[in-house]
Amino acid sequence: MWGFVLLNRFQSLRVRLLFPLLAVAVVASLGVAAASYWLGDRWEREQVASRYREIESTVSTASFPLTPLVVKSIADLTETDLITLDSNKMVLQSSLPLRSGDSVDSISLKAQTNFRDEVLLIGSRRYRYSTFELRTQNQTKALWVAVLFNESELREARWRMASFPLLTGFSTIILLTSVTLLFASRLIRRLSTLQQCVGRISTGEFNAIVPSGPSDEVGRLGVAVTRMSRQLLKMQETLQRQQGEKLLHQVAGGLAHQLRNSTTGARMAIELHQRSCGLADDSLGVALNQLEHTEAHVRRLLTVASGRKEQDVPERALGCLEDSMQTLMATAKHLRIELDANLASDLEGVMVSDGPSLQAAFSNLVLNAMYEGNRVSVECRMLSGFDVATRPPDAVGMHPDRGDASIGNKLPEVIRSSNESWSRAQGISSAGKVTTGIGEVTRAGFAILTVCDNGDGPPPAVANDIFEPFVTSKPEGLGLGLPLVARCARRLEGDVQWERLEQQTKFSLRFRVTVPEDKFMQKVSESK
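Quick note: the sequence shown uses my numbering, first residue 8, plus one each step.
Below, the structure written as structure tokens:
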């Protein structure tokens, strides 16, 4: 257990950063100390040899006798010890506690110019010495002078030379270790926090946010991890939504298969009842109309479930809206909701590329408004050229109450140019005509459908995502109505948006329409 703990500690980044620095600093300090010691020993030997030559020169040329007082004075002045001996190694005078007449058998009497650096043990002290012969005119016998240097003093001098760089190196090591440990600890704490966040992300907690720090490599890595976490969260939401859509697709296919026979039987029963009763009541006609729409939706569901592409069904825009309004009026009457509709007459003859998509979007918007409030107003009209220019087709989900749609009012020229570019890409000429291979027989434009209610509007928690699948604030809702509206808007080459104006919630559906050439010229002449 302890071995495992120690192994983990040695694998720590703190140790891996600190140990190499300490090892290099210790080796460098020891190397400098060893070099200083070697240089100190060399300089000390040269200094001893120089002092010996000076003493030899001075004593050899002196005219005074070497009395005990003179020997003691010279020893004190040169910080050495002197011994005078005869040729039999008998002490004559000495600065050491040696009596005259004592014999020093271990000394070697050799006359040399240079310092021999021999070792002499006197008592408990070791000395390095060298001897020279002194001859004067008054002396008939040879006189030897031994110059002794205390070995302990020489050794202390060498250690003094090595101790300063050694102490400097160790103090530098201590300071370097403290600073390195401090910065390494801060770095490791940041890396540990980053590791914990990555660990939470690996367990599926994609909302983990790395605390911000200095803008260095670790800080930028934390920003990248936070960005990765957000991307993974979006991917997870997208995957869940796709899985839900796939499941819904399968359930819808099976349900449509079961409903096809039921709706056909219900429609036949109502038709038989209508023929047998003969009452002048529009309710059965509304029911039949609704069943026909249901059968159409079931057929489209079966088409999608079988993997085939839906085919557009061009219809008159006004006819689609009026057809849906019959059913919606009956629903509003049943729910005791005030429903007002204003369908402009200029929609007469205007064609939409897919009638069922327009009816599905219209019905979902109105039913959603009736759920939110008790007063609903519907208006549909053609957009003028200026309206078209200030409302680009990629504005799905823009919210003016949050400042998103104000761009269109501030920069109409920019948006107009972008809309014209989009129109050219869709095959629309500068005059608003749909170009075909045969001739220009229709003109393209846009119509806008607005649905207002006096309800509270979407809650702030889901306000930004109400056009996403499975996003709803209703306890019994599935969150599929408004996403269907957005899908229909894209199918109709338009857009959908919502806003809060004067305590009302307003949904605007803009969709592309085609106007016959004769009707367009008639409108131009009427406007003139």
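Every residue, glycine too, gets a C-beta built ideally from N, C-alpha and C.
query	result
Cutoff 8 Å; reference S192; Cβ partners in own chain excluding five residues on either side	R21
Where N349 falls: helix, strand or coil (DSSP)	strand
Cβ-Cβ separation, L390 to L350 (assumed contact under 8 Å), whole Å	Between L390 and L350 the Cβ distance is about 15 Å, and since that is not below 8 Å, they are no contact.
Exposure label - D88; buried when at least 16 CB within 10 Å	buried
As assigned by DSSP and simplified to three states, the class of Q510	coil
A32, DSSP secondary structure in three states	helix
Sub-7 Å separation of A42 and F122 beta-carbons	no
Buried/exposed call for A30, threshold 16 Cβ in 10 Å	exposed
Buried or exposed (CB count within 10 angstroms, at least 16 for buried), R343	exposed
As assigned by DSSP and simplified to three states, the class of R142	coil
Start-to-end residues for the beta strand (DSSP E) that takes in M389	R382 to M389
Beta-carbon gap between V359 and G452 smaller than 7 Å	no
Check whether G220 and R197 have beta carbons under 7 Å apart	yes
Among L365, R382, E355 and D353, the one whose alpha carbon lies nearest that of M336	R382
Expected contact under 8 Å - CB spacing of D463 and E345 to nearest Å	About 17 Å; that fails the 8 Å criterion.
Closest Cα partner of A376 within the set V458, V357 and E355	V458
Exposure label - V66; buried when at least 16 CB within 10 Å	buried
Classification of M242 by the beta-carbon crowding that lies within 10 angstroms, buried from 16 upward	exposed
Same chain only: Cβ atoms within 8 Å of E125, ignoring 5 sequence neighbours per side	S115, R135, Y136 and S137
In DSSP terms, what E51 is bridged to	Answer by DSSP bridge pairing: none, since E51 is not bridged.
Local Cβ density within 10 Å of R450, reported as buried at 16 or more and exposed below that	buried
Between the CA atoms of V522 and K340 - distance to the nearest angstrom	34 Å
Collapsed DSSP secondary structure at Q504 in the structure displayed	strand
F514: CB within 6 Å of a non-hydrogen atom of the ligand SAM	The model depicted lacks the ligand SAM and carries no ligand whatsoever.
Cβ distance (whole Å) where T85 is taken to contact R58 below 8 Å	6 Å
Reference D330; option with closest CA among L150, S352 and P363	P363
Residue from P172, L508 and L92 whose Cα sits closest to the Cα of G38	P172
Helix, strand or coil at R123 according to DSSP, with G and I counted as helix	coil
Residue environment, F369, which counts as buried when at least 16 other CB atoms sit within 10 Å	buried
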